[in-house]
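Notes follow once the structure below has been shown.
2 protein chains.
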Amino acid sequence: MTELDALDARLLLLLSDEPRLGVLECSRRLGVARGTVQARMDRLERRGVLGGFPPEVDLAAIGYGLTAFAVLEIAQGRRVEVAARLAAIDEVCEVHATTGEGDLLVRMVARSNADLQRVIDEVVDVRWVRRTSTSIALSTPVPPRVRPLLERVATDAGTDPIPR
Amino acid sequence: MTELDALDARLLLLLSDEPRLGVLECSRRLGVARGTVQARMDRLERRGVLGGFPPEVDLAAIGYGLTAFAVLEIAQGRRVEVAARLAAIDEVCEVHATTGEGDLLVRMVARSNADLQRVIDEVVDVRWVRRTSTSIALSTPVPPRVRPLLERVATDAGTDPIPR
DNA sequence: GATTCACTGGGCAGATCGTCCAGTGTGGCG
DNA sequence: CGCCACACTGGACGATCTGCCCAGTGAATC
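Same order as they appear, the protein sequences are chains A and B. Residue numbering for the first sequence follows UniProt numbering, starting at 1 and increasing by one per position. Residue numbering for the second sequence follows UniProt numbering, starting at 1 and increasing by one per position.
Structural data, given as structure tokens:
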């Protein structure tokens, strides 16, 4: 319920930039007491805002240099089953259920074109998948990020002109 | 040798499960010397496989509960310009350039339907954007993950089973 | 046989961690 | 107006971990 305050946002930003920073360093950089940082982090975790610090693994660096997206159209009412089967494919890294033209949006990776072919085939062959449309990711001009939103909170602080 | 060996994979898996683990704990769990873990981590970082430990921020927990995807068709040769303008929109969290029907795949978040409307308008109004097709994410059956691929390496490549 | 390399196991000083605690605003409320 | 709950400060404690060093072992390479 409680809004994120500016200190929370600054803390998250700081951690985004230098995730290895310890609590002590954070407190120094933010200009607050160590206990405060500790309390804020605990609270953020308890609220579910800060999920943890998962290691960032670069798939490209371990051979999976290709990324592709597939939009799947599936049989009515089979979303759960299809999602489960997609989840069983190692190369499927993300699935969203969506409104609009397709029903599922799938992100997958592969080692080579031939490998991608195999993965796509595997996805397409999933039962109840009616129609698919796949695209290969050529580049990623904006990699996954949350920074801008945090920055807004960190500076704006109180005011909240955005509808809820 | 770009290949990841079984120990590397097990280390990454371990860190995926419990990112806060220190080097010492890792060495204990993996059954190797501390120096070994330290060396492996350094090597993984130097190779770019392990990017770091960015904090995982749950946007839904800070009010941005809606996620939407947009496929943009843009004017020939304007990819860079369009991407730059998209990057300037805070709510745009990810952009990929793709082959296929669309040219750009955009992921964005918003606080409410009205807010989403505003964000979409902002994206659509970007110059050189010809046609767009947006979908709202209703759920995420498979959240972003790399685990299955690591597991494959951890078992395939080595003789060791997965640690306790 | 000699060399290189990764791993082991140990030891060191210094930094950090989790956890306490008293003291200081600051706000809400009877 | 006093009282209380709450958050932050600044300091302290011992336990733990870190970064770094080193000698020794085994395997693979030259």
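Note that beta-carbon positions come from the ideal geometry of N, C-alpha and C, so glycine has one too.
- In this chain, the beta strand (DSSP E) harbouring serine 139 of chain A covers 129-142.
- Closer than 8 Å at the C-beta level to chain B, one finds these residues of the UniProt domain "HTH asnC-type" (4-65) of chain A: Leu4, Leu12, Leu15, Ser16, Pro19, Arg20, Arg47, Gly48, Val49, Leu50, Gly51, Gly52, Phe53, Pro54, Pro55, Glu56, Val57, Asp58, Leu59, Ala61, Ile62, Gly63 and Tyr64.
- For glutamate 56 of chain A, DSSP records a beta bridge to B:Gly52.
- Under the criterion of beta carbons closer than 8 Å, valine 82 of chain A and valine 126 of chain A qualify as touching, at roughly 6 Å.
- Taking 7 Å as the CB threshold, aspartate 103 of chain B stays off the interface with chain A.
- With a cutoff of 7 Å on beta-carbon distance, glutamate 73 of chain B and glycine 102 of chain B are scored as near each other.
- Flagged as an interface residue toward chain B: aspartate 90 of chain A, by a C-beta distance shorter than 7 Å.
- In the displayed model, valine 126 of chain B falls within coil according to three-state DSSP, outside both helix and strand.
- When the Cα atoms are used, leucine 7 of chain A and arginine 46 of chain A turn out to be separated by approximately 16 Å.
- Annotation: the continuous alpha helix (DSSP H) that includes threonine 36 of chain B extends over 34-47.
- Nearest to valine 92 of chain B by alpha-carbon distance, out of A:Leu13, A:Phe69, A:Leu150 and A:Gly31, is A:Leu150.
- Contact check for leucine 11 of chain A and valine 37 of chain A: beta-carbon distance about 7 Å, within the 8 Å limit, so the pair qualifies.
- Against chain B, the beta carbon of glutamate 94 of chain A has neighbours under 9 Å at Thr140, Val142, Pro143, Pro144 and Arg145, listed in chain order.
- Of the candidates A:Arg111, A:His96 and A:Leu116, A:His96 places its Cα closest to the Cα of valine 142 of chain B.
- By the Cβ rule, the region 107-119 of chain B does not count as touching the region 49-63 of chain A, because fewer than three pairs are nearer than 8 Å.
- Glutamate 73 of chain B sits in a strand when the DSSP states are folded into three classes.
- A straight line joining the alpha-carbon of valine 106 of chain B with that of threonine 140 of chain B spans about 16 Å.
- Take threonine 67 of chain B, set aside five residues on each side of it, and the residues of its chain with a beta-carbon closer than 6 Å to its own are Val109 and Ala137, in chain order.
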